[in-house]
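To keep things clear, I will list the structure first and then write my remarks on it.
Residue numbers (this note's numbering): 342 to 509.
Quick look at the structure:
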């Protein structure tokens with residue numbers, strides 16, 4: 342197994358969890374929050390996909406799927422097109438409403454771009470510095486694991502919320 346194969350498998354697991362978390366839920370269910378200070382499934386899936394899109398586009402020096410393929414317009418959210426959800430207020434979280442098909446459509450488009458880029462990833466590239474704003478500077482390998490970890494956590498949170506909603 343190559344490092345590319347390993348990363349592709351990891352991001353594929355996120356995709357599976359995302360699809361399972363939103364399957365057959367209505368837009369209202371996807372937007373439901375346990376209380377005013379929590380995230381919804383829609384926000385979690387949108388956010389994890391935005392972060393993956395933003396960070397991997399930066400790594401590959403490519404445009405984001407969000408803007409390049411018109412997903413920003415399709416979602417029609419009252420947010421800046423560069424917004425990834427980091428630091429959102431409860432009101433901003435509540436503003437993220439979308440259907441399951443819109444969420445999975447965007448996620449699948451980002452996943453496809455991710456897999457295409459990762460397919461050419463070489464182990465020798467993992468030590469390349471990609472962000473000098475941190476101490477120590479962030480390498481490509483560390484950034485990839487960071488995105489993978491963040492996405493898995495948010496996908497798990499979405500799946501957990503789905504379980505709660507289905508038991509009500």
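Cβ coordinates follow ideal geometry from the N, Cα and C atoms, glycine included.
field: residue 416 burial status per 10 Å Cβ neighbour count (16 or more: buried)
entry: Along the chain shown, one-based indexing puts residue 416 at 75. Its Cβ being crowded by 16 or more others within 10 Å, residue 416 is buried.
query: Does the Cβ of residue 509 have 16 or more other Cβ atoms within 10 Å, making it buried, or fewer, making it exposed?
result: Taking the chain shown and counting its residues from 1, one reaches residue 509 at position 168. So residue 509 ends up on the exposed side.
query: Between residue 348 and residue 490, what straight-line distance do the alpha-carbon atoms span, to the nearest angstrom?
result: Along the chain shown, read from residue 1 onward, the residue named residue 348 stands at position 7. Along the chain shown, read from residue 1 onward, the residue named residue 490 stands at position 149. Rounded to the nearest angstrom, the two C-alpha atoms are 11 Å apart.
- request: Indicate the three-state DSSP secondary structure (helix, strand or coil) for residue 376 in the structure shown.
  value: Position 35 of the chain shown holds residue 376. Residue state, collapsed to three classes: coil.
task: Take residue 380 and list the residues in its own chain whose beta-carbon comes closer than 6 Å to its own, dropping the five residues that flank it on each side.
output: Position 39 of the chain shown, counted from the start, is the residue given in the question as residue 380. So the qualifying residues of the chain are 434.
Contact set for residue 436: own chain, Cβ-Cβ below 8 Å, skip 5 residues either direction: To locate residue 436, count along the chain shown from 1; it is residue 95. Excluding positions up to five away in sequence, the list reads 418, 419, 420.
field: Sequence-distant residues of the same chain with beta carbon closer than 7 Å to residue 480, five excluded per side
entry: As a first step, residue 480 is located in the chain shown; it is residue number 139 there, counting from the start. Excluding residues within five positions, the ones whose Cβ falls inside 7 Å are 467, 468, 469, 470, 471.
query: Quick one: Cα of residue 501 to Cα of residue 384, how far?
result: Working through the chain shown from its first residue, we reach residue 501 at position 160. Working through the chain shown from its first residue, we reach residue 384 at position 43. So the two alpha carbons sit approximately 14 Å from each other.
- request: Would you please state the rounded distance, in angstroms, between the beta carbons of residue 370 and residue 406? I believe it to be under 8 Å.
  value: Here the question's residue 370 lines up with position 29 in the chain shown. Here the question's residue 406 lines up with position 65 in the chain shown. The Cβ separation is near 25 Å, so there is no contact.
query: Hey, quick one: how far does the alpha helix (DSSP H) through residue 472 stretch, first residue to last?
result: The residue labelled residue 472 in the question sits at position 131 within the chain shown. Premise fails: residue 472 lies in the beta strand (DSSP E), 470-472, not in any alpha helix (DSSP H).
message: What would DSSP say about residue 480, mapped onto helix, strand or coil?
response: For the purposes of this step, residue 480 is taken as the residue at position 139 of the chain shown. Here residue 480 sits in strand by DSSP.
field: Unbroken stretches of the alpha helix (DSSP H), 4 residues or longer, contained in the region 371-447
entry: 382-400, 406-409, 412-416, 431-436
message: Check this for me: beta carbons of residue 450 and residue 362, under 7 Å apart or not?
response: Translated into positions along the chain shown, residue 450 becomes position 109. Translated into positions along the chain shown, residue 362 becomes position 21. No.
Chain-order list of residues whose beta-carbon lies under 8 Å from that of residue 359 (same chain, five-residue window excluded): In the chain shown, counting from the first residue as 1, residue 359 sits at position 18. For residue 359, where only same-chain residues beyond five positions count, the Cβ hits under 8 Å are 386, 389, 390, 444, 445, 448, 496, 499.
- prompt: Among residues of its own chain, excluding the 5 on either side of residue 398, which ones have a beta-carbon nearer than 7 Å to its beta-carbon?
  reply: In the chain shown, the residue the question calls residue 398 occupies position 57. Hits under 7 Å: 404, 405.
task: Taking residue 422 and residue 413 to be in contact with their CB atoms under 8 Å, please state how far apart those CB atoms are, rounded to whole angstroms.
output: As a first step, residue 422 is located in the chain shown; it is residue number 81 there, counting from the start. As a first step, residue 413 is located in the chain shown; it is residue number 72 there, counting from the start. Going by Cβ atoms, the distance from residue 422 to residue 413 rounds to 5 Å, so yes, they are a contact pair.
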